[in-house]
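Note that the working numbering gives residue 472 to position 12 of the sequence shown, counting from 1, and the numbers run on in steps of one. Just so you know, even glycine gets a beta-carbon here, dropped at the ideal spot from N, CA and C. To start, the structure itself, in structure tokens.
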Amino acid sequence: MALEGEYAQEKTGWVADQLAKIDETGTTDSVGVAGMKVVLMTYRGPKSGKLHRRPLMRVEHDGVYAAVASLGGAPQNPVWFSAMLAAGEVDVQDGTVVVSGPVHEIHGAEREQWWERAVAAYPPYAEYQDKTDRLIPILLVEPRRA
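And the structure:
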């Protein structure tokens, strides 16, 4: 079941533009980054209770989605990382399909396998990892099956 509630206003211009285009067309296929696909992840903010939407690179395998907290190789994680993890439940829109499921961080061999998938989906992730001393975390959303 999709999350419901009031949406937080997006403050970052290019993200707001992508969200507006997705809303206008009804599909994440209408936006991308450098010709590569994105998915739209929605989670409830832990402080405000409002819904936050994040277009993230499409990293998917067997119906499971990864959220790669790269922040372009910055020294800190993006704000959405801890908020999404705290929310515990995420909606993922891929094209016109929306699925929901729990979210959790992965480590070790599982993370390494997903890191390879992430770099295959969006090669700049490798450069981002080289730019930072932190190990870029990965969250997985495993949608509930009907």
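Rounded to the nearest angstrom, how far is the Cβ of Arg513 from that of Tyr467, given a contact under 8 angstroms?
Locating residue 513 in the sequence shown gives position 53, where the first residue counts as 1. Locating residue 467 in the sequence shown gives position 7, where the first residue counts as 1. Right, the Cβ-Cβ distance comes to about 7 angstroms (below 8 angstroms), so this counts as a contact.
Nearest to Gly561 by CA position, among Val491, Met544, Val493 and Val498, is which residue?
Reading the sequence shown from its first residue, position 101 is the one you call residue 561. Here the closest residue by C-alpha is Met544.
Spatial distance of Gln589 from Pro538 (CA atoms):
For the purposes of this step, residue 589 is taken as the residue at position 129 of the sequence shown. For the purposes of this step, residue 538 is taken as the residue at position 78 of the sequence shown. Those two C-alpha atoms are separated by around 14 angstroms.
Run through the DSSP bridge pairs and tell me what Gln553 is partnered with.
Looking up residue 553 in the sequence shown gives position 93. According to DSSP, which records beta bridges pairwise, Gln553 is partnered with Leu500 and Val558.
Span separating the alpha-carbon of Gln553 from that of Ala476:
The sequence position of residue 553 within the sequence shown is 93, counting from 1. The sequence position of residue 476 within the sequence shown is 16, counting from 1. Taking the straight line joining both Cα atoms gives about 16 angstroms.
Between Trp574 and chain D, is any beta-carbon pair separated by less than 9 angstroms?
Here there is only one protein chain, and chain D is not present.
Endpoints, the alpha helix (DSSP H) within which Arg594 is located
Position 134 of the sequence shown, counting from 1, holds the residue named residue 594. First-last for Arg594: undefined, no H or E at that position.
Should Val557 be labelled buried (16 or more other beta-carbon atoms within 10 Å of its own) or exposed?
Translated into the one-based positions of the sequence shown, residue 557 becomes position 97. Val557 comes out exposed.
Under 8 angstroms by Cβ, that's how I've got Val499 and Thr488 pegged, so tell me the actual separation to the nearest angstrom.
Residue numbering aside, residue 499 sits at position 39 when the sequence shown is read from its first letter. Residue numbering aside, residue 488 sits at position 28 when the sequence shown is read from its first letter. Right, their Cβ atoms sit about 6 angstroms apart.
Looking at C-alpha atoms only, which residue of Ala547, Lys507, Ile598 and Val493 is the closest neighbour of Ala569?
Taking the sequence shown and counting its residues from 1, one reaches residue 569 at position 109. The residue with the shortest Cα to Cα distance from Ala569 is Ile598.
In this structure, how does DSSP classify Glu572 when only helix, strand and coil are distinguished?
By one-based count along the sequence shown, residue 572 stands at place 112. Three-state DSSP puts Glu572 in a helix.
Whose C-alpha, out of Val579, Ala480 and Ala546, is nearest the C-alpha of Lys507?
Locating residue 507 in the sequence shown gives position 47, where the first residue counts as 1. Closest option to Lys507, Cα to Cα, is Ala546.
Whether Pro535 touches Thr592 by CB criterion (9 angstroms)
Counted from its first residue, the sequence shown places residue 535 at position 75. Counted from its first residue, the sequence shown places residue 592 at position 132. Cβ atoms of Pro535 and Thr592: closer than 9 angstroms.
Cα-Cα separation between Gly532 and Tyr585, rounded to whole angstroms
For the purposes of this step, residue 532 is taken as residue 72 along the sequence shown, with counting starting at 1. For the purposes of this step, residue 585 is taken as residue 125 along the sequence shown, with counting starting at 1. Spanning the two alpha carbons is a distance of roughly 8 angstroms.
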